[in-house]
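Novice: Residue numbers (the numbering used here), protein chains in the order written: chain A, -18 to 610; chain B, -18 to 610; chain C, 70 to 387; chain D, 70 to 387. The following block contains the structure, expressed as structure tokens.
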Amino acid sequence: MSITQSIPASKKIRSSASTISQHIVEIVSDSGEGAQKAGQSFGSVSAKMGNGVWTVEIIPAEIQPPARSRAGASGIRIRVGSEKVTNMGDHANLVVALNEQVLYGRIAQNAYAEGTIILLENKWASSDIESIRKEYAMALADFNARGFKVVEIPMETECLKFVPDPRKGKNMWVLGMLCRIYNRDLTKAEEQIRYTFKKKSEKIFESNVNLLKGGYNWAKENLELNFEIPPLQDAGELVVMNGNEAIALGTLAAGIEVCAMYPITPATSASHKLAECIENAGGIIHQAEDEIAAIGFAIGSSYAGKTAITITSGPGMALKTEFIGLAVMAEVPLVIVDVQRGGPSTGLPTKVEQGDLLASLYGAAGDAPKIIIAPATIEECFQFVILARKLAEAFRTPVIILTDANLATGVSPFPRPKINADWLAPPIDQSRWKENISPYNWDPETGLSQRPIPGQKDGMYTLTGLAHDHNSKVAYDPEINQKASEARSRKLAAVLQTLKPPKINGDESGDLLVVGWGSTKGAIEEAVDTARNSGLKVSSLHLRFLSPMEPGLEEIFKKFKKIKTVEINYSDKVGDPLITQKSRRYAQLAWLLRAHTLVDVDCYSNVFGQPINPGKVLNMIKEELINKN
Amino acid sequence: MSITQSIPASKKIRSSASTISQHIVEIVSDSGEGAQKAGQSFGSVSAKMGNGVWTVEIIPAEIQPPARSRAGASGIRIRVGSEKVTNMGDHANLVVALNEQVLYGRIAQNAYAEGTIILLENKWASSDIESIRKEYAMALADFNARGFKVVEIPMETECLKFVPDPRKGKNMWVLGMLCRIYNRDLTKAEEQIRYTFKKKSEKIFESNVNLLKGGYNWAKENLELNFEIPPLQDAGELVVMNGNEAIALGTLAAGIEVCAMYPITPATSASHKLAECIENAGGIIHQAEDEIAAIGFAIGSSYAGKTAITITSGPGMALKTEFIGLAVMAEVPLVIVDVQRGGPSTGLPTKVEQGDLLASLYGAAGDAPKIIIAPATIEECFQFVILARKLAEAFRTPVIILTDANLATGVSPFPRPKINADWLAPPIDQSRWKENISPYNWDPETGLSQRPIPGQKDGMYTLTGLAHDHNSKVAYDPEINQKASEARSRKLAAVLQTLKPPKINGDESGDLLVVGWGSTKGAIEEAVDTARNSGLKVSSLHLRFLSPMEPGLEEIFKKFKKIKTVEINYSDKVGDPLITQKSRRYAQLAWLLRAHTLVDVDCYSNVFGQPINPGKVLNMIKEELINKN
Amino acid sequence: MFGLKPDLCSIPLTDEYYSLEDYEDGIARWCPGCGDHSILTSVQKLCREKQLAPEKTVFVSGIGCSSRFPHYMNTYGFHGLHGRAFPVASGVKFRRPDLDVFVVTGDGDCCSIGTAHWIHAIRYNMKMTVLLLDNSIYGLTKKQTSPTSARGTKSNTHPQGSILPPINPIQTTLGVSNVSFVAQTADWNPAHVYETIKAAYEHPGFSFVRVVQRCPVYMRDLYDAAVSDPTALTLLTHEKGIKLHENVERSFKNIIQHDPSDINKGREYAEMSGSIPIGLFYQNKNAPRYDEYGAFNIGMPVEDKISAINSELDKYAV
Amino acid sequence: MFGLKPDLCSIPLTDEYYSLEDYEDGIARWCPGCGDHSILTSVQKLCREKQLAPEKTVFVSGIGCSSRFPHYMNTYGFHGLHGRAFPVASGVKFRRPDLDVFVVTGDGDCCSIGTAHWIHAIRYNMKMTVLLLDNSIYGLTKKQTSPTSARGTKSNTHPQGSILPPINPIQTTLGVSNVSFVAQTADWNPAHVYETIKAAYEHPGFSFVRVVQRCPVYMRDLYDAAVSDPTALTLLTHEKGIKLHENVERSFKNIIQHDPSDINKGREYAEMSGSIPIGLFYQNKNAPRYDEYGAFNIGMPVEDKISAINSELDKYAV
Ligand SMILES: Cc1ncc(C[n+]2csc(CCOP(=O)(O)OP(=O)(O)O)c2C)c(N)n1
Ligand SMILES: Cc1ncc(C[n+]2csc(CCOP(=O)(O)OP(=O)(O)O)c2C)c(N)n1
Ligand code: SF4
Ligand code: SF4
Ligand SMILES: [Mg+2]
Ligand SMILES: [Mg+2]
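Listed below in structure tokens is the structure:
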């Protein structure tokens, strides 16, 4: 599927509805103008109509930025396609802007390209503040110079026909305009509005519907822009949410009854969602005094009952390090979610990075083997919590789920899960403990053992972080620590037994294999598909298990001339000053794969704090396969 | 030099002073019987006489264990040799035991072998408690069965000739006995006693000297045991101390004026030493409320002045993780000492492990490049603090020094350092800051920049852990984080420029290259030398810099058929259930070297919590080169 | 959980009789003469007196000599991380109203590295019995200054004597909102230790007991004097306070009547110097309990959970 | 350090005059109407009044809206980690008696994740001016419950309302040994804010000021009432207390005479409910200062250091 395509854009150019495979739409404004609400509705309507959709909010750095400021750009991007949409894509095709200044915030993010259509509120042209009129005029000239296709639109004037203060309501008018431009079903849009304002009065609902229709009709009469994005065949029942909401609902579906957390961006919204709904599902969320207390609370809770969960991000992970070591040592089941953000240190709190892989693996002192999995889609955010809880109990270990800010904020539909009673944790075992079984009765083959839970008669033991024997007694004899360490490590080998080699996207051999993990899957595969369509011998492979590493990689790698990871984290670039093949520091997965397979795995990565989009990956692939040959 | 050799051992066997290259002597007793004092004196006297010496204390798990208990074994091992002694060696050659039960504590540690001479207090044979007489008799039989050469000695009876209560003083009698057995210079021993009891009265000094002579004469008359360990040619002025004391004195010699710490075994004794002496050298030690506060305090102190130091061990490192990330991000010079102990979690607090290498490298979220060095000898413990302080300031970065419980407690002489004024940090710069220079004026080639220190006019800036530009202003533009990350990473490449490829112990090519780091150097090289003397084509290489990794390793590795690390940390053993080449988890340095060189680096490691001794390494070498071929 | 009502859960669900031995596990590896020994005995006595089912009893500790405590109890135990006993204990109790939770901590464990959790645990006011074994020194790590070390204490980190005035754990605890039970006792008065721990166990909430504890190895002199001197302790007594057998009460030279509902007076007595005040400084049986919140919805049937999840999914349906 | 005596160091070594602008750096990126703006202004006024040399002044903070403070001061600043401002500030001050150190922290930063450091910083009593900007909410992370949130506060982590009674930062601070200066003020009374911060700055030790701060975005209603209601604040005043211009003092409806040397009364007033007590609760100018210990041996000549090291080496000579 091609990523961008130029289309008629201004009133001058005539055309009837042109059919396209996908489009990237943005609505940008000052914060508080409801752009996000309009965009979410547009996305939902499109999903309802059977289109693939991915929406992501555009959030300013400050909480209340001044109006018409570049840093203040607030809004939403909605990518709509005929097929499943798995990422936010590259440059926007069409942008609705409520003022011209906020567009510069997006231009700095390189969100637009030549040919991008910009539907611009034109009230600023006639502002009674001269400086504003100047700014507007200058921007307009600049946009044209950049090759944007600008259409000035009297949004304010039009909205005033329906409401006294268009700051409330303009977003619905814009929604109406977009519904016309993309031939969206107006009744579905109305339903959506009814749902959005269900808590509000009938009057408010009606005035919003009027604005919707107003925008629709105005566009019909005044704009030639008209696109048809054919839907996929019926996708069945769908739900649409972001990755953090999926984590929260996955927590409920896993039967987890305790979430102990401490607020941190970008993880907190998952806890917000849980705070809203977990009590109704028989659980409770605990906001602890800090991240150390949060994981300690979760571990205490797991020790005495069902597996608990703790949710955090990089800096919080650092603080949990010591307790993660204890959970590994004492074999306490636990689910830890790390919604990765830009690092190191406080770094880029609201931006995406895949920088916590090595820290999750090696953060704790000594040997602390644990399971680490990374969902690649929003749907997997939901499923992997259920998986993690199962793994944690089956293998009596902490399980770390690595997601990131990209999944956390991306919104996309997926088939509605049919909640399965087996997913939910059963009530804890309180039956009498078998007398002759020790609390760490390690199976010599697998290292697995069953854990006694307080309340179980004859199961009494004292859990300890000290080296201990199978009775949980402190170890003085040197052999014991060795044996116990083997048992804990063996469990990863046992997990490995349950895994199949990863599926390859594309041919099983070729010139280049792109390897990824986590949120980059959609962008990588979109780029690989495009490249393959243009005849390049490239395939891709995406890892869900990082610890233990999925099996069969060596064999797979052998069949490709070159292996390269695509990651959102830091790596040196060969050719930069002082950076050679020898001195180079690699991206995190690449580094692991090199040690694991001894194959010369290369990497493409950066820390711009942005999702890697298909265009960048495609360029990298071309670099490798065309320019280099 | 051969490691053990059988020698005449009981009164029956006649012999005159037989010359030997080295001997391993132990004194074991209940705690509080002064075995350690006697052993330290014996070591010092031997050092004074020009012998190589390594002593290590034997410490019971409890603080006050009951008398005559196996777990209560307290004492000291002294290894004396003609050449430099670099490690505690294998099985003891001669043991003085004040009761028979404590020997079992050592037997469990596999400290003795057939032929070990045991000089045993015989008062228990005539104890008026029957059970004790029984235990004694049984043990005696058992020792003979084990092939120990037991000599029963009337220590109590003899001591009573000099003092009313031999519990105080018997140790000096034992010292005298050992001085005779090993032809130690009695006057030097007297000096030593005078030094040890300098705070005590002349009377006490005399009675101890009488005991010394008493032991000496008794041995002369009653024991045929008599060994000559020829000294090395004059070693010059020496100091003898353990690794933690060396860290403490190195801190003074580095001109560091602030040590912020929180107590933790086995690191604390370094702080104890500092607490004793740093104020006299113009510095102060701060015991913080926890490890987080300790490193925060040190960072604040470094930010506002001279580079500070913080000293800890595994669990403390885990807590410092977040602040280490900040120090990397904000480029604050800092020295962090991690005296490694058995992990994970609380693990084996008093025992040795090299388990924190990966945690030091990768503990923090995001990309946090820092310098990591590991001293291999007690002398290097002293020198590396000076080096670390220099590196920290030159490269504006935290520097981690990885030592371990083996270096911390091992005592050995080294040439007395001539304190150099350049070692000591100069007073901080308070001159006016050059107006047009930014606080992070990164050199594009090296990433280096000069830091303003509070008090410097026009240098004002706000340090932050957020992604920032060269002015330390919070970064909104995505490019900035990429550039700043490159600058921080580039610094490691710059360090690399200053390093030479490591020296090889042995030939530059061969069948096996043993690679080690940290405290294992002495044992590895002793084993390699022995193996080479027996004609095996093995060499060894020891790494001091772990980050950046020392240069030229690939080239070196190419010249050997096999590369194998020897480490005191965990690795799976191929052949154990479920453990294959693919599923195997490697020792920490081995894992890094695999990723770094793509060479199939193997590893020999364990987590017995004991120093790896030359015998074990030698067996491994033979395994590789003889049995496998 | 498993259908029991919180209030029901706290009744030991057993008819067998537990003797002292049923609570003992191995020999305590503390030094001879260590104050911890007698405290252990008092706790085991309490367990017998209350006939606590060993499998329904959990001892949580941090790291330190004092924190080895759980290893010597034949109950469930959690010997966790240095300073982190409170979060773990809170997690244990949160969804298990049927378990009796005890926390055993040291002065370094609680008042130094554990301070944040200590302060917030007081505020959470979850039902648990907390024993601070305060020997005014770091024992396990061999004699470093503790926040409760008297000013000038010579230790391995302050060979010239410590610099700062000690934290007053009683006063600090009384300064935290939602505090509900604060008492002090001394290990060398077993009768008072026992009655204090008993009162603490019976308190409906977070009961904080500081036990002044002797470390003969590293703080030999500190309490030797105290032990011999009958005026070293001042008894706070009141009909609402800790009940002592009159013979025990008579053995005290200094006795003060203190109504534990008066927090202001409690704070004044906490400042007492010279003699060590022992007894109940403050109690409020009606402070809100976080563990009651934690227990309010346990044991929900799977069907209800599933329908709750589905109604959540409905919100996201397109 | 560089030969200056500690006492000398605290004298600003400058003869130029600093105007308000000299302390300003960029535009403060707080929301319109945020209480932090007026506090920033008061602090900048204080700097001018005291003619603090910008290069000799360091603002240390943690993470939060409030902790952005240093970025808006044209002095040295340390915008560190969430909850860890106190250890950093202590490290800065320890060997630099010549620097004026300010700590700016938030209610989550100080009273939640930073609790342990807060308590121990009080006890260290190092000379520094501490401003707790308490908006009773987590602002930067967008409205989660804070330990100082009134019970029942609806937030994103407690949509049904928070469960626990709030921590009382004044009372908690007063409960820590070696406490030496505890005051409270409210951002909407700039005159009182200024005089309080001034008194805090002049205090020879650790001065703790809780500024009740408005967050119009997430806690709109909380103080709107307060601001309009003249009885919302109760002024604690005394000749030993915080000096106010009589016009300012007259503007208060509720005034109480409180002698700041009386800690017991101070603790009672800290419990006041209904009206917010502002003023000086407690001051002790003679509490031992850890920063004086830290400064006692700075500036030792290299020769002396070398000989000290050599005499240490002598002890290990063989
Ligand atoms: C994170 C961490 N830091 C430090 C230590 C070392 N440590 C163990 S116990 C202890 C303090 C013990 O003192 P206290 O809590 O008073 O207990 P006591 O031994 O006196 O009973 C310390 C510092 C540790 N185990 N973990
Ligand atoms: C270790 C860590 N945990 C969590 C966070 C996320 N975080 C940043 S500020 C903050 C709380 C802010 O509240 P407060 O301290 O009251 O400051 P305010 O924003 O209200 O001024 C949190 C939880 C973080 N940055 N670091
Ligand atoms: S060191 Fe002190 S506190 Fe620890 S066990 Fe021994 S006597 Fe008890
Ligand atoms: S969110 Fe609240 S505290 Fe933060 S800047 Fe805005 S108004 Fe101020
Ligand atoms: Mg203690
Ligand atoms: Mg706040």
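Virtual Cβ for every residue (Gly too), placed ideally from N, Cα, C. Predicted, not measured: the structure shown is a model, and the values here were computed from it.
My understanding is that residue 147 of chain D touches residue 388 of chain B, with C-beta atoms under 8 Å, so please give their C-beta distance in whole angstroms.
Specialist: At roughly 34 Å, the Cβ-Cβ gap does not stay under 8 Å, so residue 147 of chain D and residue 388 of chain B are not in contact.
Novice: CB residue 134 of chain A to CB residue 164 of chain A, shorter than 7 Å?
Specialist: Cβ distance not < 7 Å, so residue 134 of chain A and residue 164 of chain A don't count as in contact.
Novice: How would you write the range of the beta strand (DSSP E) that residue 526 of chain A sits in, first residue to last?
Specialist: Where residue 526 of chain A is concerned, the enclosing beta strand (DSSP E) stretches over 526 to 528.
Novice: Should residue 433 of chain B be listed as close to ligand 1, given that the test is whether its C-beta is under 6 Å from any heavy atom?
Specialist: Answer for residue 433 of chain B: no, Cβ out of range of ligand 1.
Novice: Could you tell me which chain D residues have their CB closer than 8 Å to the CB of residue 11 of chain B, listed as they occur along the chain?
Specialist: Under the 8 Å cutoff, chain D gives no residues; its nearest Cβ is about 28 Å from residue 11 of chain B.
Novice: Could you tell me the boundaries of the beta strand (DSSP E) in which residue 267 of chain A lies?
Specialist: Counting along the chain, the beta strand (DSSP E) containing residue 267 of chain A begins and ends at 265 to 268.
Novice: Count the other CB atoms within 10 Å of the CB of residue -6 of chain B; is the residue buried (16 or more) or exposed (fewer)?
Specialist: Caution applies to residue -6 of chain B, whose pLDDT of 40 falls short of 50 and renders its modelled position unreliable; the model cannot decide the point.
Novice: Take residue 343 of chain B and list the residues in its own chain whose beta-carbon comes closer than 7 Å to its own, dropping the five residues that flank it on each side.
Specialist: So no residue of the chain qualifies.
Novice: Classify residue 425 of chain A as buried or exposed, calling it buried when 16 or more other Cβ atoms lie within 10 Å of its own Cβ.
Specialist: Burial call: exposed.
Novice: Taking the alpha-carbon of residue 347 of chain D as reference, which of D/252, D/284, D/117 and D/366 has the nearest alpha-carbon?
Specialist: When each option's Cα is compared against that of residue 347 of chain D, the closest is D/252.
Novice: According to DSSP, simplified to helix, strand and coil, what is residue 235 of chain B?
Specialist: Residue state, collapsed to three classes: coil.
Novice: Run down chain B in chain order and give the residues with a C-beta less than 8 Å from the C-beta of residue 374 of chain D.
Specialist: By Cβ distance, chain B contributes 233, 236, 262, 263 and 405.
Novice: I'd like to know whether the C-beta of residue 292 of chain C is nearer than 7 Å to at least one C-beta of chain A.
Specialist: No, residue 292 of chain C lies away from the interface with chain A (no Cβ there is under 7 Å from its Cβ).
Novice: Take residue 107 of chain A and list the residues in its own chain whose beta-carbon comes closer than 8 Å to its own, dropping the five residues that flank it on each side.
Specialist: 114, listed in sequence order.
Novice: Checking contacts by CB at 7 Å: is residue 181 of chain C closer than that to chain B?
Specialist: At least one chain B Cβ lies under 7 Å of residue 181 of chain C.
Novice: Do three or more CB pairs link the region 46 to 60 of chain B to the region 408 to 416 of chain B at distances below 8 Å?
Specialist: No, the region 46 to 60 of chain B is not in contact with the region 408 to 416 of chain B.
Novice: Is residue 204 of chain D near ligand 4, with its Cβ less than 6 Å from a heavy atom?
Specialist: Yes, the Cβ of residue 204 of chain D comes within 6 Å of a heavy atom of ligand 4.
Novice: For the putative contact between residue 190 of chain B and residue 591 of chain B, defined by C-beta atoms under 8 Å, what is the C-beta separation to the nearest angstrom?
Specialist: Residue 190 of chain B to residue 591 of chain B, Cβ: 37 Å. No contact.
Novice: Residue 160 of chain C and residue 215 of chain C: beta carbons closer than 7 Å?
Specialist: No; because the gap between Cβ atoms is not below 7 Å, this pair is not in contact.
Novice: Under 8 Å between beta-carbons, which chain B residues line up against residue 150 of chain D? List them in chain order, please.
Specialist: Result: 277, 303, 304, 307 and 446.
Novice: For a contact meaning CB atoms closer than 8 Å, what does residue 394 of chain A contact in chain C?
Specialist: Neighbours of residue 394 of chain A on chain C, chain order: 387.
Novice: Nearest by alpha-carbon distance to residue -1 of chain B: which of B/167, B/207 and B/297 is it?
Specialist: The shortest Cα separation from residue -1 of chain B among B/167, B/207 and B/297 belongs to B/207.
Novice: For a test of the three-state rule: what should DSSP assign to residue 250 of chain C, helix, strand or coil?
Specialist: Residue 250 of chain C falls in the strand class under three-state DSSP.
Novice: How many Å lie between residue 339 of chain D and residue 336 of chain C at the Cα?
Specialist: Using only the alpha carbons, I get a separation of about 13 Å.
Novice: So does the region 101 to 120 of chain C actually touch the region 59 to 70 of chain B, counting three or more Cβ pairs closer than 8 Å?
Specialist: Contact fails: fewer than three Cβ-Cβ distances are below 8 Å.
Novice: Which residue comes first and which comes last in the alpha helix (DSSP H) that contains residue 371 of chain A?
Specialist: Taken as a continuous stretch (DSSP letters only), the alpha helix (DSSP H) holding residue 371 of chain A covers 359 to 375.
Novice: Can you tell me where the alpha helix (DSSP H) with residue 154 of chain D in it begins and where it stops?
Specialist: It spans 154 to 163 - the alpha helix (DSSP H) in which residue 154 of chain D sits, taken as one unbroken run.
Novice: So, at 7 Å on beta carbons, what are the nonlocal neighbours of residue 78 of chain D in its own chain, with the 5 sequence-adjacent residues on each side left out?
Specialist: Any reading at residue 78 of chain D must be qualified, since the residue scores a pLDDT of 43, below 50, and its modelled position is unreliable; the value itself is stated next. Correct list, in chain order: 166 and 167.
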